[in-house]
Amino acid sequence: MKSGMNSITAHQTVHGYSDGHRLLASSRSFGKIADRQLRFLSDLSGSSNYPLFDEYYTAYSIAEDNLFAIGKTWIATEMERPGCAWTHTLIFKPSELRKLRNTKALENTFVRPAHDNLDDFRSITSIVLELKNGNSYSEQSTSLANRIIEKFYLSSAPVFIVTENPHSCTQVVLDVWLQYLQLSSNLLSFCTASIRSRKIDSIPLDLQVIPPDAVRKIDNSVDDAQMLYTTDVKISNHASEWTDCLVQGLTSPSPPRVYQFISDYATSSCRTEIGHLSQLHEELSHAENNQEDVLGIVQFMASKWSEITSGTSVKTDTLSSPNNRKFLIQIDDLLLIDAITESELLPAFNIVELQLTSRLSDEWRKAPQQVVQILQKLLRSNKESARTIVVDVLANAILTEDIQELLEFPHEIVLSVLNRRLRLLVSPTIWRSQETKSLIEIIRDSEEDLTGELGYMIVSAQLESSVESTATIMNQVLKDHIVVPILNWLVENPDKQISSEWWHQVLKYPEAVCQWLGNTDNIPSWLVARITTTFDPRTQYVFECPLSSWTRFSEAAHSELYDEELTSFMAFLLVIGLQTKEKDGAKIVSSTFPLVYTAIINRTLRQNSWDSLSWNLQKGFMWDRSKQLRVGIVEHFANHDWSVDQFLNLVPNAIFLRDVLGMWGWGNKETVFLSRVLHRGLELTYNLPNDQRKVLKEYQKWFSEK
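Here my numbering runs 700 ahead of the position in the sequence shown, where the first position is 1.
Dropping the structure here:
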C-alpha cells in the first residue's frame, strides 16, 4: 500500500457475527496467527452487561507481519444473539503510522459496519494527514492525563484505568498513544474499554480502561498491575511539572522542548526512560534559572542510569566541563564535581570521560582546600580510575616545594605523586623543610621499589641538603642498596663531605662496597682509602672487588695520597695480595711492599695495619716485624710461583736484599726461588741499582743457578 505526501494508507478488516464471531470482509489475507489475533481482539472485551463499555478502541501489534492494528468495536444490539459486536480494524505499517500528528482523522476513518455495506471494507483506505490541532481539555481531563502519564512513563508494567465511564478516558488514552508513537520506537497497545484484561500471548496490553469490578480478577492474574482509579483523580494544581509538560504536549499544536530532549538522549525503547528524561529536563530547566539543586540532579541521574555505560550522552552534556556541557552552564564547576564524587553516586559516572582531572586541576588554583576534600572523597571510593585522577591532579598541582596539601593524603598517594614530580622529591629544599619527618615516614611505609633510580635520587637530595636524620630510615628502606647512591654522590661531588651518620650506613655493607669498587670507574684514591680504613682486609668480601681493581687503586694512590694515609692504604692492599694465589696478587704485593716495609723499619706503621698483615705471616723465635715480613714475602712468591721480576720490583734497598739472601734456614722452595732472583738480577738486560747488583754478586757463590 502506497501513501501520498499528505496521506497514509491502511488495510481494513471487518469482524462480526455470522454463525459465530468471524472475519466478514478484508482488504488482504493474513497468516493463521495474525488471523486468530485479529478475530480474538475484535470480539467484545467481556460480558455485554456494561452499557458504557459498548464502544471502544483496541490497538496492538501484529508481530507475525510487522503491522499495527487499531480497531473500533461497537456492540451489535440489532443481532438476535446477545453479545455480538462489529469491529472495524485499520492495519498499518508502523512507518506509515508514525506520520500521524492528529488522532481526529484516524477516529473519523472508522465506520460502523452493517451486513449491507461490507464491500467498502475490501479495499485499502486512505487517511488524510492533518496538522496537530490544539485540543481543549477540561480540568478533569487534564488531571486524568497527568495521572495516566505519571503511571505510564514511570513503570514498564501494564496500567489499568479503573472507571465507571470509559468514554471520559478515551481521548486522553488516544492522545497518550499518539505521544508515545512520537517519542519511542515501540508502539503502545491499549483498549479503551476492557471488561476483562485483554492480552496477546498471555501478556496484557500496555494501557487498559476497566470497570471497578474487574480489578480483583486482574490483581489476581497480573502480578505487577498498576491501578489508577479515576475516582482518585482530583482537579488540583499539584501535578508534577514534568507530567504537566508532557500533558501540554498532548494538547499543544507544537511539540514542547522536552520532546527534543527525549529524542536527543533516549538510549532505549523503554518507556520509563521517557519518564526519567522528562523529569531530568524539568530539573535542569529549574537549575538554569538559578533554582538549582545540583546534588539532587546528580542523585537523580545516578539512580535512573546507575550503570556507568547507561545515559552517557545526557550525563556528559549535563556534568562535563563548563566549556563542553549544554546544561548547568552557570553552575560552579566545583559544586558539580563535589556532587558527582559522592561515594554512593560515583559508580554511575565515567569520571575519566567527564574530565575530572583537568577540571580539578583548574579549580586547584582557586580553591585548593576544597579540591583536596573532593580528592579524598575520590580515594574513599576505592576505584582505580579515581586513584589515578587523584594522583594526576596532585601531580599537576604540586609545582613548588610547598607540599603541605600533598601530605594530607595517604603515603602511597604521596609517593606516586612525587614519582611523577621527581624534581620535588629530589629537591634539597624539601629535605631541609619542616616536612622532612613526614616524608621519611612516607618512604619508610612505602611499598614502592626504591632500590633503583628513584632511591638514588632521594638519597642524593638528602646528602645535598646535609640532613642527617634521614640516614637511618633510608638504610631501613634500602638496606645494602644505600651504598651505591651514597658513594656515587661522593664521586660526583669530590669537594663535599658526608656526615658520620651516612658513613655509618655505608660501612654496614662492606660486601656491597667492594662490589661497587669493582664496578665503578674514576674513583678518587682518597675515597677508596677512607672506605678501607675500617674494613678488615682478611675477610672474603674484599674479593667482591677484582684484584685488577685493587691493583689500579694501588697505582693511583701513589700519586694521590701521602704520608700515613698512603701507608695505611698500602698495608691494606698488601694483605689482600698476600691472601691470593693468583698472579695478579704479585702485582699488588710488588707495588705496596716497599712503602709498608719502610714504615715497619721506621716503626711508623699503625698497629691495626700490622695486626692484619701479621695474620698472613709466620712467627719465629726472636723475629722482629721486618724479618717476619721478609720471610712471609719470600714464602708467598716461592709457594705461588710468582714472577721473579715482580719480586725484584718490590726490593726497597740493598739492605733488604742482603737480609733476604743472607738468612739461614730457607727451605728448598725458597732457596730455589732466591737463586732465580739472584741470577735474574745479574742479567745484563735487567736494570738494577749498583748497590743491589753488588749484593747479588756477593751471594752468587751461595746460590747455584736453577
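All C-beta atoms, glycine included, are put in the ideal place defined by N, C-alpha and C.
In this text the structure is predicted, and so the values were computed from the model without any measurement.
Which listed residue (Y757, I1301 and S836) has its alpha carbon closest to that of R812: Y757
Distance between H721 and V994 (C-alpha atoms, nearest Å): 59 Å
Beta-carbon proximity of T773 to S742, cut-off 8 Å: yes
Beta-carbon gap between L977 and I997 smaller than 8 Å: no
Exposure of I903, with buried meaning 16 or more beta-carbon neighbours within 10 Å: exposed
Chain-order list of residues whose beta-carbon lies under 7 Å from that of S761 (same chain, five-residue window excluded): F768, L887 and S889
C-beta atoms of V1289 and M1270 nearer than 8 Å: no
Contact check, R1238 vs W1315, beta carbons under 8 Å: yes
Environment of H788 [buried if 16+ CB atoms lie within 10 Å]: buried
Neighbourhood of E1007 by C-beta, 8 Å cutoff - its chain only, sequence neighbours within 5 removed: A1048
Beta bridge counterpart(s) of V828 as assigned by DSSP: S707
I1223 vs W1250 beta-carbon contact at 8 Å: no
Local Cβ density within 10 Å of G716, reported as buried at 16 or more and exposed below that: buried
Close beta carbons around I1074, own chain, < 7 Å, minus the five adjacent residues each side: I1037, D1038, T1041 and L1060
Euclidean distance between Cα positions of M701 and S795: Legend: pLDDT at M701 = 49, less than 50; position of this residue unreliable, value from coordinates given subsequently. Computed Cα separation, rounded: 12 Å.
Burial state of R736, where buried means 16 or more other Cβ atoms lie within 10 Å: exposed
N1387 classed as buried or exposed, judged by whether at least 16 other C-beta atoms fall within 10 angstroms: exposed
Residues sharing a beta bridge with Q720, DSSP: Note on residue identity: the sequence assigns Gly, not Gln, to residue 720. Its beta-bridge partners do not exist; DSSP assigns none.
Selection from S1021, A1229, P912 and S1160 that minimises the alpha carbon distance to L865: Before going further, note that residue 865 is Asn rather than Leu in the sequence given. Among S1021, A1229, P912 and S1160, the Cα nearest to that of N865 is on P912.
L1361 versus P1352 - alpha carbon distance: 14 Å
Buried/exposed call for M1174, threshold 16 Cβ in 10 Å: buried
8 Å CB neighbourhood of E698 in its chain, flanking five on each side removed: No answer is possible for residue 698: it lies beyond the span of the chain, which begins at 701 and ends at 1406.
K1066, enclosing beta strand (DSSP E) - first and last residue: Segment: none, K1066 is in no beta strand (DSSP E) and carries neither H nor E.
Inter-residue spacing [alpha-carbon to alpha-carbon] between R1087 and V1071: 14 Å
In chain order, each beta strand (DSSP E) run of at least 3 residues that lies wholly inside the region 1181-1264: none
DSSP-derived helix/strand/coil call for V714: strand
Cβ-Cβ separation, F821 to Q712 (assumed contact under 8 Å), whole Å: 5 Å
Nearest candidate by alpha-carbon position, reference K1208, set W1226, D1195, L831 and D1236: D1236
For E973 and T943, the rounded distance between their alpha carbons: 14 Å
Span separating the alpha-carbon of E850 from that of G975: 8 Å
Own chain residues within Cβ distance below 6 Å of I1301, not counting five before or after: S1326
C-beta contact flag for Q908 and S897 at 8 Å: yes
contact_flag[the region 914-932, the region 800-816] where n(CB pairs < 8 Å) is 3 or more: no
Residue interval of the beta strand (DSSP E) (run including Y757): E755 to I762
Completely contained alpha helix (DSSP H) runs for the region 968-1031, where each covers 4 or more residues: 971-988, 994-1004 and 1012-1019
Own chain partners of A1190 with C-beta closer than 8 Å, once the 5 adjacent residues on each side are dropped: The sequence shown places Leu at residue 1190, rather than the Ala named in the question. Here the set comprises K1196, I1198 and L1227.
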